[in-house]
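Undergrad:
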Amino acid sequence: MKWKALLIVTAMVVLSVGAVFLLLYGFGRDDQSVKAAMLPSDEEAKQYVLDNKLLADVRELQKIRVGGPTFKMVTGFDEKGQEKIVWLTLEKKAIKSYGSVFPKDGVAKEQIIAQVKEKGIEQENIRDIFIAPYDYISDKIVWFVLKKGEKGHMIWYDFKTGAPVWEAYQEPTSWSLKNHE
1 MKWKALLIVT AMVVLSVGAV FLLLYGFGRD DQSVKAAMLP SDEEAKQYVL
51 DNKLLADVRE LQKIRVGGPT FKMVTGFDEK GQEKIVWLTL EKKAIKSYGS
101 VFPKDGVAKE QIIAQVKEKG IEQENIRDIF IAPYDYISDK IVWFVLKKGE
151 KGHMIWYDFK TGAPVWEAYQ EPTSWSLKNH E
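According to our numbering, the sequence shown is numbered sequentially starting from 1.
#1: Return helix, strand or coil for Glu-167, following the three-state DSSP convention.
#2: If you follow the alpha helix (DSSP H) that Leu-50 is part of, which residue opens it and which one closes it?
#3: What are the boundary residues of the alpha helix (DSSP H) that includes Glu-225?
#4: In this structure, does DSSP put Ala-108 in helix, strand or coil?
#5: Indicate whether Gly-106 and Lys-160 have their beta-carbon atoms separated by less than 8 Å.
#6: Does DSSP put Val-66 in a helix, a strand or coil?
#7: Smallest Cα separation from Ala-94: which of Asp-57, Asn-125, Lys-4 and Met-38?
#8: If you count every other CB in all the chains shown that lies within 10 Å of the CB of Thr-182, and 16 or more means buried, which is it?
#9: With a CB to CB cut of under 8 Å and the five nearest residues on each side skipped, what residues in its chain are close to Lys-35?
#10: Just to confirm, is the Cβ distance from Pro-133 to Tyr-98 under 8 Å?
#11: On the criterion of 16 or more Cβ atoms from any shown chain inside 10 Å, does Met-12 qualify as buried, or is it exposed?
#12: Whose C-beta lies closer than 6 Å to the C-beta of Gly-76 among residues of the same chain, with five residues either side of it excluded?
#13: Do Leu-61 and Lys-46 have their C-beta atoms within less than 8 Å of each other?
#14: Does the ligand FAD have even one heavy atom less than 7 Å from the beta-carbon of Ala-132?
#15: How many whole angstroms separate the CB atoms of Ser-100 and Val-86, which I take to be in contact at a CB cut-off of 8 Å?
#16: If the criterion is Cβ atoms closer than 8 Å, does the pair Pro-69 and Asp-135 meet it?
Spelled out as C-alpha cells, the structure:
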C-alpha cells in the first residue's frame with residue numbers, strides 16, 4: 001500500500017515539474033530565436049541621416065541601451081544649425097528611424113541631474129544620462145539615467161516635463177516589493 005502512495009506522489013511531482021518546464025521553456029520553438037537588436041554601423045547611420053536630410057552635420061554616433069531597447073543615437077546639427085538627436089535601428093536589413101528631437105525643446109540635463117540628486121544619487125555616481133525613445137512602440141521620449149554599480153538602477157524622466165516615468169533595476173536581486181521613500 002505504501003509503495004502505491006509513493007508511486008502516485010512521485011508521478012505527481014514528475015508531471016508538475018514537466019508542466020512547469022513546458023510553461024517556462026515551451027516546446028517546438030526551434031524556429032524562434034532571440035537576437036540582440038540589430039543596429040546600423042556608424043558609417044551606415046551617418047550616411048542615412050545625411051541622405052535623408054535628418055541632419056546636415058554629424059558630431060557623435062553612439063550605441064545606447066535604454067534598459068531594454070537598443071538604438072544607434074546620432075547627434076549633430078540640422079540645416080538651420082540647431083542641435084538635433086536622431087535614433088536608428090535595423091529592421092529586416094533596412095535602417096529605421098525611431099524619431100528625433102531638438103534638445104532645446106525639453107528639460108535641461110542639469111534639471112534631471114538635480115532630480116536624480118534628490119533621490120540621493122550624486123552626479124559622480126551616474127554612469128549614463130541621455131535622451132532616448134522610451135521603447136520601440138510608443139512615441140514617448142525620455143531622459144534615461146543609469147546609476148553606476150552592479151544593481152543597474154535605472155530612472156526614466158519625461159523629456160518635455162521632467163516628470164518621473166519609471167524606475168527599475170537591471171539586477172533582479174535588487175527588486176523589492178516594499179515602497180521606498
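All C-beta atoms in this analysis are idealised placements derived from N, C-alpha and C, irrespective of residue type, glycine included.
TA: Let's see:
#1: In the sequence shown, the residue the question calls residue 167 occupies position 167. Strand at Glu-167.
#2: Walking along the sequence shown from the start, residue 50 turns up at place 50. Leu-50 -> alpha helix (DSSP H) spans 42 to 51.
#3: This structure does not reach residue 225, given that the chain is present from 1 up to 181, and the question cannot be answered.
#4: The residue given as residue 108 occupies position 108 in the sequence shown. Three-state DSSP puts Ala-108 in coil, outside helix and strand.
#5: Reading the sequence shown from its first residue, position 106 is the one you call residue 106. Reading the sequence shown from its first residue, position 160 is the one you call residue 160. Closer than 8 Å, so yes.
#6: For the purposes of this step, residue 66 is taken as residue 66 along the sequence shown, with counting starting at 1. Here Val-66 sits in coil by DSSP.
#7: Translated into positions along the sequence shown, residue 94 becomes position 94. Cα-wise, what sits closest to Ala-94 is Met-38.
#8: Beyond the ends of the chain as shown, which are 1 and 181, falls residue 182; an answer cannot be given.
#9: Residue mapping note: residue 35 aligns to position 35 of the sequence shown, counting from 1. At Lys-35, the pLDDT of 47 sits below 50, so the modelled position is not reliable and the matter cannot be decided from this model.
#10: What you label residue 133 is simply residue 133 of the sequence shown in a count that begins at 1. What you label residue 98 is simply residue 98 of the sequence shown in a count that begins at 1. Against a cut-off of 8 Å, the Cβ pair of Tyr-98 and Pro-133 comes out as a contact.
#11: The count along the sequence shown starts at 1 and reaches residue 12 at position 12. With fewer than 16 other Cβ atoms within 10 Å, it is exposed.
#12: The residue given as residue 76 occupies position 76 in the sequence shown. Correct list, in chain order: Leu-55, Asp-57, Val-58 and Arg-59.
#13: Walking along the sequence shown from the start, residue 61 turns up at place 61. Walking along the sequence shown from the start, residue 46 turns up at place 46. Yes; because the gap between Cβ atoms is below 8 Å, this pair is in contact.
#14: Among the components of this structure there are no ligands whatsoever, and the ligand FAD is therefore not found.
#15: Taking the first residue of the sequence shown as 1, we reach residue 100 at position 100. Taking the first residue of the sequence shown as 1, we reach residue 86 at position 86. That pair is a contact at about 4 Å.
#16: For the purposes of this step, residue 69 is taken as residue 69 along the sequence shown, with counting starting at 1. For the purposes of this step, residue 135 is taken as residue 135 along the sequence shown, with counting starting at 1. For Pro-69 and Asp-135, yes; Cβs fall inside 8 Å.
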